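Read through the structure below, which is laid out as structure tokens, and then see the notes.
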Amino acid sequence: MGRQRGAGIGGGNDEREQTLNQLLTEMDGFEGNTGIIIIAATNRPDVLDSALLRPGRFDRQVTVDAPDIKGRLEVLQVHARNKKLAPEVSLEAIARRTPGFTGADLANLLNEAAILTARRRKDAITMLEIDDAVDRVVAGMEGTPLVDSKSKRLIAYHEIGHAIVGTLLQAHDPVQKVTLIPRGQAQGLTWFTPSEEQGLISRAQIMARISGALGGRAAEQVIFGDAEVTTGAGGDLQQVSNMARQMVTRFGMSDLGPLSLESQQGEVFLGRDWMTRSDYSEEIAARIDAQVRTIVEHCYDVACKLIRDNRVVIDRLVDLLIEKETIDGEEFRQIVAEYTPVPEKEQYVPKL
Ligand code: ZN
């Protein structure tokens, strides 16, 4: 009901707008409506009518964001009440593993774990089911592993490419595990431990993420050659373009200087963004494209160099990955450290 008035064609005569007009009048009219408190909720604050947001209308605004670690622990405690957990299951450990999860994700996580437990004919949920449920909530259903073949080797090199670039770049989040067990759309997956601090991300971190995301394609190309690269990197490349573009147009992290060239992208809302218009000339558009290209090419070179310089350990890791299907982060780092120094990553560990 609180949507921006005058949106679309047809003017301000529809019933919804009349109701909103009336509500606004009641909310700060001359008559005191003592004892009446108005509470409202929305998941589209971007389309609210600006009159609703003026001082004196809604005095308190509470933003409900994804919970922090304390919040997650408390949400988990609520949803764990009616489930049987093995004594070694620590809700605190689950809260630590799940930055970015919403309340609904956490509820879903415990439900999935309970279903897995029943299917495995166990009496109580153990950490094993929790771990599997986290993977499932994040990446989808587990598929059947491929048989050893050329394409399995290629996928292994692709994933190890992500993992090795992520491990050797200091600013990248550490590898949590690499796996060849397919999940959802992905044939293999490299998991990184996300950092709890979600506020500010530095230029070095974004560059490292771009290089890491290009690590898969870089490995395919360096090892199998131009003709053998696959469509497997499609998703990676999309992420890469997004990150690089945002560096240039939103965060002022390129040679174009500290300019914000694009407003925060949201869905086009009829009435407010009636026509999509860009805030810059065609000349600037061409320069943006050139900058995006420069960033991506630079990061791709970084990734290719890391792959070429570490070919020996990559071959060993690929053999191990094909044999074991999953390598966890600790083991991965130990093996890499036998060949080349692995930079220490400082990760912020929140206190509970
Ligand atoms: Zn990939």
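Using my numbering, you'd call the opening residue of the sequence shown number 6 and step up by one each time.
Every residue, glycine too, gets a C-beta built ideally from N, C-alpha and C.
Given the structure is predicted, the values throughout are model-derived calculations rather than measurements.
When the Cα of residue i is compared with those of the options, which residue comes out closest?
i    : options                : result
T24  : D51, Q9, A46           : Q9
R2   : M146, I169, A218, T131 : Residue 2 lies beyond the range of the chain shown here (6 to 357); nothing can be said about it.
A161 : A138, R141, I186       : I186
P346 : T331, D324, L311, K329 : L311
W86  : P60, L115, F106        : Checking the sequence, you will find Arg at residue 86 rather than Trp. Residue L115 is the option with its Cα nearest to R86.
G148 : H167, T131, L194       : L194
P263 : L173, I293, Q243       : I293
L46  : G7, E20, T30           : The amino acid occupying residue 46 in the given sequence is Ala; Leu does not appear at that position. The residue with the shortest Cα to Cα distance from A46 is G7.
R49  : R65, V69, I41, T30     : V69
V80  : R59, E267, L111, F63   : L111
D333 : P150, I41, E164, A290  : E164
T107 : V142, Q339, R158, G217 : V142
P348 : D178, A144, H167       : D178
F63  : I43, I74, R124, G204   : I43
M132 : A144, Q27, A118        : A118
G189 : V317, G240, K88        : G240
V152 : Q192, A176, H167, T172 : Q192
D140 : E93, I130, A176, W196  : W196
S246 : A224, R59, E288, Q296  : Q296
P104 : V301, S55, D324, I74   : I74
I206 : G171, K182, M258       : M258
R316 : E225, E287, E302       : E225
F256 : L242, E287, E288, M212 : M212
Taking the C-alpha atoms as reference points, what is the distance between residue i and residue j?
i    : j    : result
L121 : T236 : 33 Å
V227 : A109 : 42 Å
G37  : G76  : 38 Å
L326 : S95  : 29 Å
V67  : V307 : 43 Å
G11  : Y285 : 27 Å
P72  : D231 : 44 Å
D314 : K155 : 23 Å
I99  : E335 : 19 Å
H84  : A91  : 15 Å
E134 : D128 : 12 Å
D19  : L174 : 57 Å
L261 : A249 : 13 Å
P199 : K350 : 12 Å
L78  : R102 : 11 Å
Q244 : E328 : 30 Å
R208 : V253 : 11 Å
A290 : G40  : 55 Å
Q210 : L266 : 21 Å
T304 : R338 : Per the sequence presented here, residue 304 reads as Cys, with Thr not at that position. Their backbone Cα atoms lie some 22 Å apart in a straight line.
L159 : I319 : 12 Å
G276 : R21  : Confidence in G276 is poor, its pLDDT being 48 and thus under 50, which makes the residue's placement too unreliable to answer from.
L219 : A123 : 40 Å
DSSP three-state label for residue i, please.
i    : result
I312 : helix
F197 : strand
M280 : Here the model assigns M280 a pLDDT of 48, short of 50, so the residue's position is not dependable and the matter cannot be decided.
V273 : Summary for V273: the model assigns pLDDT 49, below 50, so the residue's position carries little reliability; its value from the coordinates is reported in the next sentence. In this structure, V273 counts as coil in the three-state DSSP scheme.
Q23  : helix
M6   : coil
E343 : coil
A46  : coil
R338 : helix
A56  : helix
A191 : strand
L90  : strand
E36  : coil
E147 : strand
L266 : coil
E287 : helix
R298 : helix
E1   : This structure does not reach residue 1, given that the chain is present from 6 up to 357, and the question cannot be answered.
I41  : coil
L322 : helix
E349 : coil
L28  : helix
D359 : Not covered by the structure: residue 359. The range shown for the chain is 6 to 357.
At what residues does the beta strand (DSSP E) containing residue i begin and finish?
i    : result
V80  : Counting along the chain, V80 falls outside any beta strand (DSSP E), though it belongs to the alpha helix (DSSP H) covering 74-85.
T331 : 331-333
K157 : Element bounds for K157: not the beta strand (DSSP E) but the alpha helix (DSSP H), 155-173.
V383 : Any question about residue 383 goes unanswered here, given that the chain covers just 6 to 357.
Please indicate yes or no: does the CB of residue i lie closer than 7 Å to some heavy atom of the ligand MG?
i    : result
A168 : As for the ligand MG, it is missing from this structure, which binds only the ligand ZN.
For residue i, report the span of its alpha helix (DSSP H) as first-last.
i    : result
V143 : 132-144
A119 : 108-124
V227 : 208-229
V245 : 239-254
I99  : 96-102
Should residue i be flagged as near chain B, meaning a C-beta pair shorter than 8 Å?
i    : result
K155 : You won't find chain B in this structure, because it holds only one protein chain.
The ligand ZN: which residues have Cβ under 5 Å from any of its heavy atoms, chain order? G221, D241
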